[in-house]
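Numbering (the working numbering), first residue to last: 2 to 526. Only one structure is covered here, and it is reproduced in the block below.
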């Protein structure tokens with residue numbers, strides 16, 4: 002037994018070190034802390050089937066779209082799939098900032114899983130599968146503009162309906178739907194509008210309990226709004242309303258837009274987002290108690306009949322212990338498939354990358370992008386992932402083989418403003434450069450901040466992000482001694498998404514390039 006003590010101590014030190022570097026909501030003592038995911042899983046919806054929980058979230062222009070996460074206890078989550086690899090519309094072959102999937106819903110009916118979503122200018126889509134980890138079949142149901150946030154419901158008498166909102170909120174509409182979810186059967190009926198007490202109401206989610214139809218819907222706007230519950234014994238209304246979750250005396254602004262779920266134990270829980278600016282919309286979990294037929298969420302601290310978000314809480318009662326998990330971040334690029342944490346900024350093409358040409362690494366080709374001075378705003382082949390914590394460090398090892406002057410590869414923090422550290426071909430010499438840029442239709446672009454000649458077959462690139470989103474870029478020849486380059490950079494939001502971090506390789510020339518970069522690994526601490 003004595004010989005095991007040093008090993009156990011080393012394991013304990015390792016666990017403590019890893020947990021110190023990651024946002025881990027499970028506190029290991031039967032409680033958890035919010036947020037359960039400190040990353041931009043905007044507009045979450047959740048579903049329980051048996052002992053399994055599934056979550057989907059908005060993906061906007063990022064591909065593959067609609068991440069699917071799995072959990073056994075609503076606290077520990079991992080990514081298991083995406084609903085689609087690309088959207089079947091040519092416009093998404095280019096970067097369409099802010100378009101794509103808005104606020105999906107996930108439901109289970111007659112042995113199938115369904116996800117419904119709208120894009121702001123392309124209408125209603127439905128995807129279905131026999132299991133969330135399998136391939137989804139995507140159907141473009143209605144080609145229309147200004148619809149958003151659909152959610153289906155199947156009633157006991159066999160009828161199917163769809164509730165949705167419209168761009169800018171305020172109105173909720175109800176449609177009859179074919180049972181297979183592939184066709185709407187009418188033009189829709191306005192079932193709720195109350196601009197005085199429930200302005201900007203949107204994101205409706207359907208539920209049935211105790212002979213009532215419930216619609217949970219956020220109102221009041223993203224940064225400062227609240228969660229509203231509507232109920233009626235007739236699906237067409239009229240609906241009573243009640244605020245069931247608001248910021249109150251807490252620091253959790255705009256707590257709304259999420260999914261409600263009942264456990265086998267009889268407990269109810271509500272997962273929702275909080276807008277954290279550059280970090281995007283992070284996910285919180287709150288207990289739910291039913292009082293007088295209304296779902297009271299969180300804790301009624303002020304005794305005003307409205308719940309407030311909790312920071313620490315007993316874990317949901319799922320009847321067993323569940324291992325700690327967090328959504329994937331680091332990647333050794335040893336799989337035959339791209340890690341599920343990665344998304345491109347547009348529909349991906351096969352010639353952008355390879356995981357087989359240089360096994361154990363990802364090869365990014367110097368894709369031609371006629372961008373002026375390193376402008377990344379319209380570059381589709383940025384391989385990015387969400388900011389995973391309030392503060393973190395991302396490091397990657399890259400080997401560069403640039404062919405044309407201007408070919409470059411590197412590590413980027415992307416938003417409406419961006420910065421990156423890159424290896425760049427400078428007339429057949431290599432330099433390491435830091436760039437900063439921002440989007441402005443008439444006065445944007447990217448500026449070189451500092452460049453340093455280097456002679457190395459590979460380089461280690463690093464960005465450190467503090468808890469205010471301030472970024473500092475560094476490079477190293479040996480992954481031991483790092484040298485800073487350029488100036489600090491304040492990360493910023495994208496269009497409806499938080500800042501993202503990742504890698505890229507591009508060619509800004511009129512001529513095609515056969516240059517490429519091989520990233521051996523990408524590690525987040």
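Beta carbons are placed, not taken as given, at the ideal position from N, Cα and C, and that holds for glycine. Every value quoted in this text rests on a predicted model; they were computed, and no experiment measured them.
Cα-Cα separation between residue i and residue j, rounded to whole angstroms
| i | j | result |
| --- | --- | --- |
| residue 108 | residue 162 | 13 Å |
| residue 134 | residue 62 | 22 Å |
| residue 274 | residue 268 | 20 Å |
| residue 17 | residue 396 | Below a pLDDT of 50, predicted positions are generally treated as unreliable, and residue 17, at 38, falls in that range; the measurement from the model is reported next regardless. Residue 17 and residue 396: Cα-Cα distance of roughly 20 Å. |
| residue 422 | residue 475 | 8 Å |
| residue 243 | residue 173 | 16 Å |
| residue 183 | residue 31 | 43 Å |
| residue 177 | residue 186 | 5 Å |
| residue 292 | residue 231 | 14 Å |
| residue 270 | residue 290 | 8 Å |
| residue 427 | residue 207 | 58 Å |
| residue 503 | residue 205 | 33 Å |
| residue 251 | residue 140 | 42 Å |
| residue 198 | residue 408 | 55 Å |
| residue 394 | residue 235 | 53 Å |
| residue 266 | residue 302 | 25 Å |
| residue 34 | residue 413 | 30 Å |
| residue 151 | residue 466 | 36 Å |
| residue 468 | residue 281 | 14 Å |
| residue 57 | residue 263 | 17 Å |
| residue 112 | residue 210 | 21 Å |
| residue 507 | residue 525 | 23 Å |
| residue 253 | residue 345 | 30 Å |
| residue 470 | residue 279 | 7 Å |
| residue 89 | residue 132 | 22 Å |
| residue 47 | residue 357 | 35 Å |
| residue 383 | residue 354 | 11 Å |
| residue 518 | residue 456 | 16 Å |
| residue 142 | residue 401 | 45 Å |
| residue 321 | residue 514 | 55 Å |
Per-residue DSSP class, three states only, for residue i
| i | result |
| --- | --- |
| residue 94 | helix |
| residue 343 | coil |
| residue 429 | coil |
| residue 353 | helix |
| residue 125 | strand |
| residue 63 | coil |
| residue 131 | coil |
| residue 201 | coil |
| residue 497 | coil |
| residue 39 | coil |
| residue 417 | coil |
| residue 450 | strand |
| residue 148 | strand |
| residue 306 | coil |
| residue 154 | strand |
| residue 76 | coil |
| residue 514 | coil |
| residue 115 | strand |
Inter-residue CB distance, residue i and residue j (contact presumed, cutoff 8 Å)
| i | j | result |
| --- | --- | --- |
| residue 237 | residue 202 | So it is not a contact: roughly 17 Å between Cβ atoms. |
| residue 298 | residue 228 | 6 Å |
| residue 496 | residue 98 | 4 Å |
| residue 80 | residue 342 | 6 Å |
| residue 505 | residue 411 | 6 Å |
| residue 130 | residue 100 | Actually they are not in contact, since the Cβ atoms of residue 130 and residue 100 sit about 24 Å apart, beyond 8 Å. |
| residue 124 | residue 96 | Not a contact, Cβ separation roughly 20 Å. |
Residue of the options minimising C-alpha distance to residue i
| i | options | result |
| --- | --- | --- |
| residue 486 | 435, 276 and 187 | 435 |
| residue 418 | 388, 376 and 331 | 376 |
| residue 371 | 207, 116 and 509 | 509 |
| residue 451 | 433, 457 and 460 | 433 |
| residue 74 | 23, 150, 319 and 209 | 319 |
| residue 122 | 140, 93, 261 and 116 | 93 |
| residue 308 | 315, 246, 360 and 296 | 246 |
| residue 60 | 104, 283, 91 and 453 | 104 |
| residue 512 | 461, 257, 368 and 119 | 368 |
| residue 462 | 294, 264, 398 and 84 | 398 |
| residue 164 | 96, 217, 36 and 146 | 217 |
| residue 446 | 515, 223 and 379 | 379 |
| residue 305 | 249, 83 and 489 | 249 |
| residue 67 | 76, 84 and 55 | 84 |
| residue 180 | 136, 146, 190 and 115 | 115 |
| residue 489 | 420, 239, 300 and 219 | 420 |
Heavy atom of the ligand ADP within 7 Å of residue i beta-carbon
| i | result |
| --- | --- |
| residue 327 | Among the components of this structure there are no ligands whatsoever, and the ligand ADP is therefore not found. |
message = Restricting to runs no shorter than 4 residues, where is the alpha helix (DSSP H) found entirely within the segment 457-494?
response = none
ask   = At what residue ranges does the segment 233-304 contain a whole run of the alpha helix (DSSP H), taking only runs of 4 or more?
value = none
request  = List in chain order: all unbroken beta strand (DSSP E) runs of 3+ residues lying wholly within the segment 162-226.
outcome  = 172-178, 190-194, 206-210 and 213-220
Any beta strand (DSSP E) of 3 or more consecutive residues that is wholly inside the segment 308-341 = 313-315
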